[in-house]
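Colleague: Provided herewith is a single structure, encoded as structure tokens, for subsequent inquiry.
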């Protein structure tokens, strides 16, 4: 059975302070949600516990169809500032360090 919909995972980057201050690889997810219809995630991004926290919040998004998505505290993927994600493509994108951001999406 093939995947259909949009899968969103939210977590943190790896620990801060890697080689030359570079951001580490993605760490474990804090939450994930698979959505079969356009809408907004139920959960929001956690805040970054700076400076000794687990890193910056990041969303990993994969879609089986072309979509537009928006990230924010009140995201609007229909008429707000949005990004395009082609079908069968994954993207990792940083959230705001203040947290409380959600992902909204609509079919392109």
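In the numbering used here, the protein residues as written are 4 to 111. All residues carry an ideal CB built from backbone N, CA and C; glycine is no exception. Keep in mind it's a predicted model, so treat the numbers as computed, not measured.
Using C-beta distances below 8 Å, list every residue in its chain close to residue 20, excluding the 5 sequence neighbours before and after it, in chain order.
Modeller: In this prediction, residue 20 scores a pLDDT of 48, lower than 50, which makes its location untrustworthy; the coordinate-derived value is nonetheless stated afterwards. Closer than 8 Å at Cβ, skipping near neighbours: no residue.
Colleague: What is the rounded straight-line gap between the Cα of residue 60 and the Cα of residue 98?
Modeller: Taking the straight line from one Cα to the other gives about 5 Å.
Colleague: Considering only the beta carbon of each residue, do residue 107 and residue 80 sit closer than 8 Å?
Modeller: Contact flag set, yes.
Colleague: What is the rounded straight-line gap between the Cα of residue 72 and the Cα of residue 88?
Modeller: Near 7 Å, if we compare the C-alpha coordinates of residue 88 and residue 72.
Colleague: Let me make sure I understand the geometry here. Which of 12, 42, 85, 38 has the alpha-carbon closest to that of residue 31?
Modeller: That would be 12, whose Cα lies nearest to the Cα of residue 31.
Colleague: Tell me which residues share the same chain as residue 63 and place their Cβ nearer than 6 Å to its Cβ, disregarding the 5 neighbours each side in the sequence.
Modeller: Same-chain partners within the cutoff: 12, 95.
Colleague: Taking the Cβ atom as the reference point for each residue, do residue 76 and residue 104 lie within a distance shorter than 8 Å?
Modeller: Yes, these two residues count as a Cβ contact at 8 Å.
Colleague: Which residue marks the beginning of the beta strand (DSSP E) containing residue 12, and which one marks its end?
Modeller: Counting along the chain, the beta strand (DSSP E) containing residue 12 begins and ends at 9-16.
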